[in-house]
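Asks: Per numbering that gives the first Met the number 0, the very first residue in the sequence shown carries number 0; after that it's consecutive.
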Amino acid sequence: MKWFLFLLLSFVSFVSATAQDVTALVKEADRLEVLPNEAAALAKFQEAQKVAPANIYVLYKCSELCSRIGSRETSNPQKRDEWFKLAHGYAALALKADPLSDQANVCMAMILGKSTLTKSGKEKLKNARAIKKHLDVALKTNSNNYLAWHILGRWNYELSNVTAIEKAGAKLFYGGVPEGTLKNAIAYFEKARAFQPYFILNCLSLAHAYHKDGQTAKAIGLLKALQAFPVKTEDDTRHKQDALKLVKKWE
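#1: What does the alpha-carbon distance come out to for the pair Lys244 and Ile219?
#2: I'd like the span of the alpha helix (DSSP H) that includes Gln77, first residue to last.
#3: Under a three-way DSSP split, which group does Thr73 fall into?
#4: Taking Cβ positions, are Met109 and Leu146 nearer each other than 9 Å?
#5: Among Ser114, Val105, Leu158, which one has its Cα closest to the Cα of Thr140?
#6: Reducing DSSP to helix, strand and coil, say where Thr232 ends up.
#7: By the 10 Å Cβ neighbour count, where 16 or more other Cβ atoms means buried, how is Trp148 classified, buried or exposed?
#8: Of all the options Lys123, Leu225, Gln195, Asn201, which has the alpha carbon lying nearest to the alpha carbon of Gly179?
#9: What are the start and end residues of the alpha helix (DSSP H) that includes Leu151?
#10: Where do the N-terminal and C-terminal ends of the alpha helix (DSSP H) with Gln45 fall, by residue?
#11: Report the three-state DSSP secondary structure of Gln195 (helix, strand or coil).
#12: When you compare only the Cα positions, how much space is there between Ile130 and Ser100?
#13: Three-state secondary structure (DSSP) at Glu63?
#14: Please classify Glu250: does DSSP put it in a helix, a strand, or coil?
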């Protein structure tokens with residue numbers, strides 16, 4: 000009996016210490032991401048994942064950061080694809096841990112979307128159904144997930160640009176794809192904006208959609224407004240610069 004109590008207390012102490020380790024690592028990773036220092040943040044999240052391999056938030060952040068870092072490897076496709084493969088692996092682990100988690104489904108939709116953007120029209124359509132499925136699950140679990148709404152906006156925007164020939168090919172080879180419209184893209188970007196008004200990439204995407212819809216004044220107003228938004232990711236400074244270039248082009 001004494002041995003049993005000793006083992007039980009030892010186990011409880013171990014679990015408590017492990018939880019504290021994970022909490023400390025995640026707190027530091029979050030701090031580094033805010034700086035922003037995404038490589039250092041990813042390293043901390045990866046440390047946390049070794050301690051808590053099925054922690055959804057940790058897996059989600061590992062996948063998200065790998066996606067972001069990979070997207071910046073524009074001059075090295077091989078390195079970009081290696082980052083995307085890592086991101087997909089973390090997303091798959093998150094889905095295995097909890098198939099209904101909004102974070103798990105969002106990070107899978109994110110990496111499928113990012114990797115698809117580098118492909119041809121047919122390849123874009125190939126993943127369209129899978130992306131939509133993950134977004135539907137995410138929003139059913141948590142309708143306030145702003146990233147899910149943003150990705151759904153991007154999904155609609157990209158599909159609204161697909162040609163009739165590409166759609167015909169998709170129907171032949173993949174059984175067709177769901178319809179995406181510019182009107183829905185704007186609505187979903189606005190939905191994401193309502194939940195996270197200072198999300199710079201979403202505002203930039205929304206401006207593109209407004210411009211394509213002929214609402215240029217609204218697009219320019221949004222591009223100017225986002226210049227005052229705080230930088231929250233390593234991409235945000237570049238997004239602001241891109242926004243200024245568009246203002247000069249569209250005015």
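Note that the Cβ used here is the ideal one computed from N, Cα and C, for glycine as well.
Replies: On the basis of the supplied data:
#1: Here residue 244 refers to the residue found at position 245 when the sequence shown is read from its first residue. Here residue 219 refers to the residue found at position 220 when the sequence shown is read from its first residue. So the two alpha carbons sit approximately 11 Å from each other.
#2: Here residue 77 refers to the residue found at position 78 of the sequence shown. Start and end: 76-96.
#3: Against the sequence shown, residue 73 aligns to sequence position 74. Here Thr73 sits in coil by DSSP.
#4: Taking the first residue of the sequence shown as 1, we reach residue 109 at position 110. Taking the first residue of the sequence shown as 1, we reach residue 146 at position 147. Yes, the pair counts as a contact, with Cβ atoms nearer than the cut-off.
#5: Working through the sequence shown from its first residue, we reach residue 140 at position 141. Measuring from the Cα of Thr140, the nearest candidate turns out to be Val105.
#6: Position 233 of the sequence shown holds residue 232. The answer is coil: DSSP assigns Thr232 none of H, G, I, E or B.
#7: Sequence index remark: in the sequence shown, residue 148 carries index 149 (1-based). Per the 10 Å Cβ criterion, buried.
#8: Mapped onto the sequence shown, residue 179 falls at position 180. Minimum Cα distance to Gly179 is reached at Lys123.
#9: As a working mapping, residue 151 is identified with position 152 in the sequence shown. Run containing Leu151: 145-159, per the alpha helix (DSSP H) assignment.
#10: For this step, residue 45 is matched to residue 46 along the sequence shown. Note, Gln45: alpha helix (DSSP H), 37-50.
#11: In the sequence shown, counting from the first residue as 1, residue 195 sits at position 196. Gln195 falls in the coil class under three-state DSSP.
#12: Along the sequence shown, one-based indexing puts residue 130 at 131. Along the sequence shown, one-based indexing puts residue 100 at 101. Going from the Cα of Ile130 to the Cα of Ser100 covers about 15 Å.
#13: Taking the sequence shown and counting its residues from 1, the one referred to as residue 63 is at position 64. Helix at Glu63.
#14: Looking up residue 250 in the sequence shown gives position 251. Note: Glu250 maps to coil in three-state DSSP.
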